Amino acid sequence: MPTRDSPRTATLCAAALLGARRKVTLPELREALAASAAAGFSAVSLWAVHHQTLVAGGLDPDVLVALLDEVGLSVPVVEAALGWANPDLDAVDAAVGPILEVAARYGAEQVLAVFMEPEAPEPAACVAGFARLCDLAAEHDLRVSLEFLPWSGIPDLRSAWQLVERCERDNAGLTLDTWHWQRQPGGPDFETLAGIPGARIHFLQLSDAPAQAEEDLVDETLRARRLPGEGDVDFAGLQKALNAIGARPLAAPEVFNAELLALGPAEMARRIATRTRAVWG
4 MPTRDSPRTA TLCAAALLGA RRKVTLPELR EALAASAAAG FSAVSLWAVH
54 HQTLVAGGLD PDVLVALLDE VGLSVPVVEA ALGWANPDLD AVDAAVGPIL
104 EVAARYGAEQ VLAVFMEPEA PEPAACVAGF ARLCDLAAEH DLRVSLEFLP
154 WSGIPDLRSA WQLVERCERD NAGLTLDTWH WQRQPGGPDF ETLAGIPGAR
204 IHFLQLSDAP AQAEEDLVDE TLRARRLPGE GDVDFAGLQK ALNAIGARPL
254 AAPEVFNAEL LALGPAEMAR RIATRTRAVW G
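At position 135 of the sequence shown (counting the first as 1) the number is 138 in the numbering used here, and the numbers step up by one without a gap.
This is the structure:
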C-alpha cells in the first residue's frame with residue numbers, strides 16, 4: 004500500500020462517490036476506489052465509518068488495505084472524529100480512539116474533526132477535549148484538522164480558528180471546505196483567513212455553491228453541491244488569500260451531488276477531476 008511518503012498528484016474525497024452513505028458494501032467501496040484511480044487520483048480521504056462497519060460485519064481489515072494497494076491509492080486523511088467536546092477525558096478517549104486506530108492503519112497524515120451539535124459547545128470542555136484529541140493523535144504522528152459546519156455550534160472560520168488557537172497544540176489546524184466557506188454566517192471571511200498562519204490550514208475541500216442558499220443547509224450540502232467553477236465561490240480570490248499566508252494545504256474535491264451520483268462512480272469521478280483541475284490545478 005502507498006505510504007504517507009508516496010508522491011501524490013491529487014486526492015479525492017471518496018465518500019462523494021458513495022452518496023455520503025454511512026453504510027456501504029465492499030463491492031461499492033471497491034467500485035468507488037477504482038473509479039477514483041481511473042480518474043487520475045492517487046489518494047483518497049476515507050470515512051472511518053466505512054472501514055468500521057465493514058470490519059464489524061466480519062471483513063478482515065487487511066482486505067481493505069490490499070484493495071487500496073491494488074488500485075494504487077494512499078489515504079492521507081481519515082474522517083471524522085466526533086465526541087471530543089467533552090469535559091470527561093476518558094469519554095473523549097473512548098470516542099476518538101477508534102478513528103485514530105483506523106488512521107494509523109492506513110498510514111494517514113491527518114484526521115478531520117467536526118462538531119455536529121447545533122448549539123455552541125461549552126468553551127472549557129471544548130478546548131480540553133480538542134486538546135486531548137490532538138494529544139492522542141500526536142501519539143500516532145497525526146495532525147488534527149478541525150472543520151467548521153455552518154449549521155453547527157462551530158459555524159465559521161473564526162470560531163474554528165479560536166478553538167485551534169486556544170488548545171495550544173502544534174498538530175492542531177483547520178479544514179477549509181469551500182462549500183462551508185461560502186455558506187458560513189456572513190459569507191466568505193477573508194479578513195479572518197488573512198490572520199491565520201498558513202501552516203495551520205491543513206486540508207482544503209473543494210466544491211462550489213450558488214449565491215442563494217437553500218433553506219435546509221444540511222440537505223443542500225449532501226445532495227446539491229456543484230462542481231468547482233459552476234457556482235459562486237471565488238476560487239481565484241481564495242487561492243490568492245491562501246498564497247498570501249503561505250498555506251499549502253492538501254486539496255481534495257468533495258462534491259456531494261445527487262445528479263452526478265446517478266451517473267455512476269466512474270463518470271462522476273471523471274467529471275470531478277476535470278472541473279477541479281480546470282479551476283484549482
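Ideal Cβ placement from N, Cα and C applies to all residues, glycine included.
Since the structure is predicted, the reported quantities are computational estimates derived from the model, not experimental observations.
Does T28 come out as helix, strand or coil in the three-state DSSP assignment? coil
Can you name the start and end residues of the beta strand (DSSP E) that D285 belongs to? There is no way to answer for residue 285, as the model of the chain reaches only from 4 to 284.
For the candidate residues G156, E120, D138, N174, whose alpha-carbon lies nearest to that of R146? N174
Give every residue of the same chain whose Cβ lies closer than 6 Å to the Cβ of A42, excluding the five residues on either side of it in the sequence, and list them in chain order. A272, R273, A276
If you check the beta carbons only, do F44 and L15 fall under 8 Å apart? A Cβ-Cβ contact shorter than 8 Å links F44 with L15.
Applying the criterion that 16 or more other CB atoms from any shown protein chain within 10 Å of the CB defines a buried residue, is Q215 buried or exposed? exposed
Alpha-carbon spacing of L230 relative to E257, whole angstroms: 9 Å
Less than 8 Å between C-beta atoms, sequence neighbours within five positions excluded: which residues of the same chain meet that for D235? Taking D235 as the centre and dropping the five residues before and after it, the same chain places the C-beta of Q185, D211, A212, P213, A214 closer than 8 Å to its C-beta, in chain order.
Report the rounded CA-to-CA distance for A131 versus P191, giving the unit in angstroms. 28 Å
Do you know offhand how far A97's Cα is from A281's? 42 Å
Around the Cβ of D65, are there at least 16 other Cβ atoms within 10 angstroms (buried) or fewer (exposed)? exposed
Using C-beta distances below 7 Å, list every residue in its chain close to V221, excluding the 5 sequence neighbours before and after it, in chain order. Close CB contacts of V221 within its chain, under the 7 Å cut and outside five residues either way in sequence, are with W154 (chain order).
Could you tell me which of A107, D91, V105 sits nearest to E125, measuring between CA atoms? D91
Tell me the rounded alpha-carbon separation between S9 and A111. Confidence is the limiting factor: at S9 the pLDDT is only 35, short of 50, which leaves the residue's position unreliable and the question unanswerable from this model.
Work out the CA separation of E34 and G86 for me, nearest whole Å. 31 Å
Where F238 falls: helix, strand or coil (DSSP): Annotated three-state conformation of F238 is helix, per DSSP.
Does R251 pass the burial test, meaning 16 or more other C-beta atoms within 10 Å, or should it be called exposed? With fewer than 16 Cβ atoms within 10 Å of its Cβ, R251 is classed as exposed.
Could you spell out the range, first to last residue, of the alpha helix (DSSP H) harbouring A102? A small correction: the amino acid at residue 102 is Ile; Ala does not occupy that position in the sequence shown. Note, I102: alpha helix (DSSP H), 92 to 108.
Can you tell me which of the three DSSP states Q113 falls into? Residue state for Q113 is assigned as strand, using DSSP reduced to three classes.
With a CB to CB cut of under 7 Å and the five nearest residues on each side skipped, what residues in its chain are close to A23? L225, F259
Backbone secondary structure at H205 - three-state DSSP: strand
Assigned exposure category for G60 - 16 Cβ within 10 Å defines buried: exposed
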